[in-house]
Amino acid sequence: MNQAIQFPELEYWDNDREAVCFPALADGFRVECVARKRWLLEQFGAGADADCLTLFRTFRWEIEEAMERKIADRHDYQGCFYLP
Numbered sequence: 015m016n017q018a019i020q021f022p023e024l025e026y027w028d029n030d031r032e033a034v035c036f037p038a039l040a041d042g043f044r045v046e047c048v049a050r051k052r053w054l055l056e057q058f059g060a061g062a063d064a065d066c067l068t069l070f071r072t073f074r075w076e077i078e079e080a081m082e083r084k085i086a087d088r089h090d091y092q093g094c095f096y097l098p
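Numbering (this note's numbering), first residue to last: 15 to 98.
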């Protein structure tokens, strides 16, 4: 785990984005991270009726590792980092 990037346990479901949103602290700055429902379901093989917050919490380490790569590579969109 990259010590310069930390993920507080403050995730929530965003109905408008159909995604789990969660903050990260990258080099002391707070950034917004978004894991879209489609990506969560495809990545972790869940059915369409799966609860995305439960999926997020179950696979937190894998999701955080994927997001660390996005943040480290500076792949952001309008101040947010997205997992497709």
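In this text, a Cβ means the ideal position worked out from N, Cα and C, and glycines have one as well.
Asked: Does DSSP classify Arg166 as helix, strand or coil?; Found: Since the first and last residues shown for the chain are 15 and 98, residue 166 lies out of range.
Asked: In the DSSP assignment, the alpha helix (DSSP H) including Glu56 goes from what residue to what residue?; Found: 51-58
Asked: Pair every Cβ in the segment 66-78 with every Cβ in the segment 17-37, then say whether three or more of these pairs are closer than 8 Å.; Found: yes
Asked: Report the residue from Asp41, Asn29, Glu46, Asp30 whose alpha carbon sits nearest the alpha carbon of Glu23.; Found: Glu46
Asked: Distance, Cα to Cα, Arg88 vs Phe58?; Found: 25 Å
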